[in-house]
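Novice: Pasting in a structure now, in structure tokens, and then I'll have a few things to ask.
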Amino acid sequence: MPQYQAVKGTRDIFPEEVARWKYVEGVVDAQASLYGFSEIRIPVFEYTELFQRGIGSTTDIVGKEMFTFQPDPKGRSLTLRPEMTAGVMRAAIQNNLLASAPVHKLYYMGELFRKERPQAGRQRQFSQFGAELLGVSSPAAVAEVITLMMEVFRSLGLQRLKLRINSLGDADDRLRYRVALQNYFSPFADILDDASKERLEKNPLRILDSKNPALQELIAGAPKLYEYLSEASVQDFEKVLFYLKERTIAFDIDHRLVRGLDYYCNTAFEVTSSELGAQDAIGGGGRYDGLARELGSSTDVPAVGFAVGMERLLMTMEKQALFDVVAPQAPLVYVVVQQQELADHALQMVCRLRNASIKTEIDLAARSMKAQMREANRIKASYALFVGATELTTGLYSLKNLATSEQTMLTLEALLELLGESAAGMQLQP
RNA sequence: GUGAUUGUAGCUCAGUUGGUUAGAGCGCCAGGUUGUGGCCCUGGAGGUCGGGGGUUCGAGCCCCCUCAUUCACCCCA
49 MPQYQAVKGT RDIFPEEVAR WKYVEGVVDA QASLYGFSEI RIPVFEYTEL FQRGIGSTTD
109 IVGKEMFTFQ PDPKGRSLTL RPEMTAGVMR AAIQNNLLAS APVHKLYYMG ELFRKERPQA
169 GRQRQFSQFG AELLGVSSPA AVAEVITLMM EVFRSLGLQR LKLRINSLGD ADDRLRYRVA
229 LQNYFSPFAD ILDDASKERL EKNPLRILDS KNPALQELIA GAPKLYEYLS EASVQDFEKV
289 LFYLKERTIA FDIDHRLVRG LDYYCNTAFE VTSSELGAQD AIGGGGRYDG LARELGSSTD
349 VPAVGFAVGM ERLLMTMEKQ ALFDVVAPQA PLVYVVVQQQ ELADHALQMV CRLRNASIKT
409 EIDLAARSMK AQMREANRIK ASYALFVGAT ELTTGLYSLK NLATSEQTML TLEALLELLG
469 ESAAGMQLQP
């Protein structure tokens with residue numbers, strides 16, 4: 049056991065895997081841009097109250113999962129961001145973004161922190177990308193956000209994802225439904241588990257989320273949310289579904305989908321991957337018209353957004369073998385030095401090549417030729433370029449094609465021309 | 001926070017009812033080829049068997065504690 053190791057629930061990402069992340073990030077950038085979303089970057093920590101107000105004090109995230117700290121005894125409590133939406137909304141309100149234009153379409157990528165017990169698909173530091181559409185939450189806006197999310201998945205080649213969707217109703221609907229639920233569950237309070245008992249008072253909707261087998265029958269008999277939706281809410285939901293059908297986005301209506309964050313209203317959705325194990329939600333989101341007011345905005349800011357877990361996305365892609373196309377770029381030429389007296393000259397060669405944008409590598413440890421060649425082979429260089437006594441006296445350099453083992457002697461000019469062409473040719477490949 | 005699981009070389013793992021100097025494959029380094037890689041052959045480095053305590057003549061194997069891992073619950077991305 050090494051003295052120092054990564055903190056529980058965190059991990060290192062090594063170069064081979066970084067290439068995969070960059071590939072996914074590139075697709076996110078491209079798709080978000082196509083849909084007219086611009087990237088926003090916000091602080092990694094905020095005042096704790098922001099999350100307490102924004103996410104909701106009854107949620108597990110706020111209740112037991114936040115990394116909270118106090119910079120000094122008199123300082124205000126700070127918290128590492130456990131999600132992005134509250135911070136993005138805070139940034140929008142603070143900078144009065146909506147005054148400059150009525151609608152803002154923002155996307156983000158970044159690390160989040162939640163103090164949960166790690167397991168497959170769950171870490172204490174993890175990454176999400178997501179989008180927030182501020183200023184409108186019309187069915188068209190909701191559909192736009194869902195479409196963007198699904199398009200990212202499609203562009204990456206993901207298969208067998210399941211989109212579930214539900215309407216939670218507006219504030220009035222939820223209030224009426226909440227009362228109905230409390231009336232229904234109260235007589236059974238002694239049957240409920242501790243968590244559900246607590247929710248009975250604070251947030252009875254979430255009792256429906258429980259997977260406790262003992263409660264399933266009771267939950268099945270509970271009043272249905274959709275029976276309490278107003279005509280306007282139903283029509284709003286139907287319109288969202290209409291848009292999705294029009295775009296041939298497959299979905300399942302799931303009346304039990306509630307989602308854990310307090311701020312959602314009306315449409316809520318979640319995407320799951322069958323490849324993931326117990327933690328199978330790869331992305332989710334919904335409408336949150338009330339959040340801005342909750343955070344002190346003087347005006348209403350209707351909004352809708354989604355977030356996707358990067359690690360879970362990458363895991364699913366791995367399982368579906370979607371990374372074959374992402375190969376690390378090997379150096380084109382490896383400069384091999386015959387004897388150490390020629391090392392300085394060889395380094396000059398390396399500079400010449402690199403200045404010509406030719407990817408070049410050289411041994412910096414003064415190792416034997418055999419070792420240098422082995423290294424060239426190991427890193428899959430295309431060519432070995434020899435620098436020895438002969439080259440120095442004749443001005444002709446030996447260039448060996450490591451795939452074919454063919455070797456030719458060239459002037460420096462011819463060398464630059466040939467390798468320059470090869471480099472250009474390589475760049476054309478995906 | 002609860003439950004279970006697993007900790008032996010850089011990696012993947014063997015290690016027989018507790019019994020001499022703890023092994024293999026891959027990887028790494030070097031030599032076989034003092035101007036040339038891959039394949040092959042030979043050799044080498046690398047382990048306080050997660051840590052601590054206990055039982056025993058003797059512990060990688062048994063017992064206790066502890067740390068860490070993984071998976072699941074809860075919940076979420």
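Quick note, our numbering runs 48 ahead of the 1-based positions in the first sequence. For every residue, glycine included, the Cβ atom is placed at its ideal position computed from N, Cα and C.
Tell me whether the beta-carbon of Thr-438 lies closer than 7 Å to the beta-carbon of Leu-447.
Specialist: No, Cβ-Cβ distance for Thr-438 and Leu-447 is not below 7 Å.
Novice: Curious, which full-length beta strand (DSSP E) runs of at least 3 residues does the segment 363-426 contain?
Specialist: DSSP runs (the beta strand (DSSP E)) wholly in the segment 363-426: 381-385 and 408-410.
Novice: At a cut-off of 6 Å, is Thr-116 close to the ligand SAH when judged by its beta-carbon and the heavy atoms of the ligand?
Specialist: Looking for the ligand SAH in the displayed structure turns up nothing, as the structure carries no ligands at all.
Novice: Helix, strand or coil: how does DSSP classify Met-157 here?
Specialist: The answer is strand: DSSP assigns Met-157 an E or B state.
Novice: Identify, in the order they occur along the chain, each residue of the same chain with its Cβ nearer than 8 Å to the Cβ of Lys-56, setting aside the five sequence neighbours on each side.
Specialist: The residues are Pro-166 and Arg-172.
Novice: Counting pairs of Cβ atoms below 8 Å between the segment 86-102 and the segment 118-138, do you hit three or more?
Specialist: Enough Cβ pairs lie closer than 8 Å, so yes.
Novice: Could you work out which residue in Leu-160, Asp-348 and Ser-186 is closest to Gly-178 when comparing CA atoms only?
Specialist: Looking at the Cα atoms, Leu-160 is the closest of the given residues.
Novice: For Glu-180, which of helix, strand or coil comes out of DSSP?
Specialist: Strand, per DSSP.
Novice: Given a threshold of 16 other Cβ atoms within 10 Å of its Cβ, counted over all protein chains shown, does Lys-250 qualify as buried or as exposed?
Specialist: Result: exposed.
Novice: Which runs of the alpha helix (DSSP H), 4 residues or longer, sit entirely within the segment 170-243?
Specialist: You should have 187-204 and 219-233.
Novice: Which term fits Tyr-52, buried or exposed, when burial requires 16 or more other beta carbons within 10 angstroms of its beta carbon?
Specialist: Its Cβ having fewer than 16 others within 10 Å, Tyr-52 is exposed.
Novice: Select from Tyr-276, Gly-183 and Ile-406 the residue whose C-alpha is nearest the C-alpha of Leu-229.
Specialist: Considering only alpha carbons, the answer is Tyr-276.
Novice: Shortest alpha-carbon distance to Leu-460 belongs to which of Ala-451, Tyr-71, Ser-453 and Thr-442?
Specialist: Closest by alpha carbon: Thr-442.
Novice: Give me the Cα-Cα distance between Gly-183 and Ala-404, rounded to the nearest whole angstrom.
Specialist: Cα-Cα distance, rounded: 50 Å.
Novice: Please list, in chain order, all residues of the same chain as Gly-135 whose beta carbon is under 8 Å from its beta carbon, the five residues on each side excluded.
Specialist: Closer than 8 Å at the Cβ level, and outside the excluded window around Gly-135, lie Ile-90, Pro-91, Glu-94, Leu-98 and Arg-129.
Novice: Rounded to the nearest angstrom, what separates Arg-304 and Val-319 at their Cα positions?
Specialist: Roughly 14 Å between the two C-alpha positions.
Novice: Excluding five sequence neighbours on each side, which residues of the same chain lie with their C-beta closer than 8 Å to the C-beta of Arg-335?
Specialist: For Arg-335, where only same-chain residues beyond five positions count, the Cβ hits under 8 Å are Ser-185, Val-190, Tyr-312, Cys-313, Asn-314, Thr-315, Ala-316, Pro-350, Ala-351 and Val-352.
Novice: Have a look at Arg-59 and Val-381 and give me their C-alpha separation to the nearest angstrom.
Specialist: Roughly 33 Å separates the two Cα atoms.
Novice: Given this structure, state the Cα-to-Cα distance separating Gln-528 from Gln-79, to the nearest angstrom.
Specialist: Residue numbering for the chain in the displayed model covers 49 to 478; residue 528 lies beyond these limits and cannot be assessed.
Novice: Exposed or buried, Gly-357, counting other C-beta atoms within 10 Å across all chains shown (16 or more means buried)?
Specialist: Gly-357 comes out buried.
Novice: Just verifying my parser: in three-state terms, what is the DSSP assignment at Leu-324?
Specialist: If DSSP states are grouped into helix, strand and coil, Leu-324 belongs with coil.
Novice: Is there contact here, the segment 256-273 with the segment 233-246, by at least three beta-carbon pairs under 8 Å?
Specialist: Taking 8 Å as the limit for Cβ pairs, the verdict is that the segment 233-246 does touch the segment 256-273.
Novice: How far does the beta strand (DSSP E) with Gly-334 in it extend, from its first residue to its last?
Specialist: Its beta strand (DSSP E) spans residues 329-335.
Novice: Are there 16 or more other CB atoms within 10 angstroms of the CB of Ser-175, so buried, or fewer, so exposed?
Specialist: Buried, because 16 or more other Cβ atoms sit within 10 Å of the Cβ of Ser-175.
Novice: Give a yes or no on whether the C-beta atoms belonging to Phe-354 and Gly-338 are separated by under 7 Å.
Specialist: The answer is no: Cβ separation not under 7 Å.
Novice: Which residues mark the beginning and the end of the alpha helix (DSSP H) in which Gln-79 is found?
Specialist: It spans 63-82 - the alpha helix (DSSP H) in which Gln-79 sits, taken as one unbroken run.
Novice: Please determine, among Gly-84, Arg-162 and Gln-283, the residue with the shortest C-alpha to C-alpha distance to Leu-196.
Specialist: Comparing Cα-Cα distances from Leu-196 to each of Gly-84, Arg-162 and Gln-283, the minimum goes to Gly-84.
Novice: Measuring straight from C-alpha to C-alpha, what distance separates Ser-321 and Arg-208?
Specialist: The alpha-carbon atoms of Ser-321 and Arg-208 are separated by roughly 7 Å.
Novice: Would you give the residue range spanned by the alpha helix (DSSP H) that Glu-97 belongs to?
Specialist: Run containing Glu-97: 96-103, per the alpha helix (DSSP H) assignment.
Novice: Label Glu-323 either buried or exposed according to how many other C-beta atoms from any shown protein chain fall within 10 Å of its C-beta, with 16 as the threshold for buried.
Specialist: By the neighbour-count rule (16 or more Cβ atoms within 10 Å), Glu-323 is buried.
Novice: Out of curiosity, what's the CA-to-CA distance linking Gln-388 and Asp-411?
Specialist: Roughly 11 Å between the two C-alpha positions.
Novice: Rank Val-200, Ser-86 and Glu-246 by C-alpha distance to the C-alpha of Thr-107 and give the top, closest one.
Specialist: Per the Cα distances, Glu-246.
Novice: Apart from the five residues on each side of it in sequence, which residues of its chain come closer than 6 Å, Cβ to Cβ, to Tyr-155?
Specialist: Hits under 6 Å: Ala-80, Phe-85, Glu-87 and Ala-179.
Novice: Check Ile-297 in the structure and name its three-state DSSP category.
Specialist: If DSSP states are grouped into helix, strand and coil, Ile-297 belongs with coil.
Novice: Expressed to the nearest angstrom, what Euclidean distance is found between the alpha-carbon atoms of Arg-226 and Pro-252?
Specialist: In a straight line, the C-alpha of Arg-226 is about 6 Å away from that of Pro-252.
Novice: By DSSP's criteria, Gly-353 is part of a beta bridge. Which residues make up the other side?
Specialist: DSSP lists Glu-180 and Gly-334 as partners of Gly-353.
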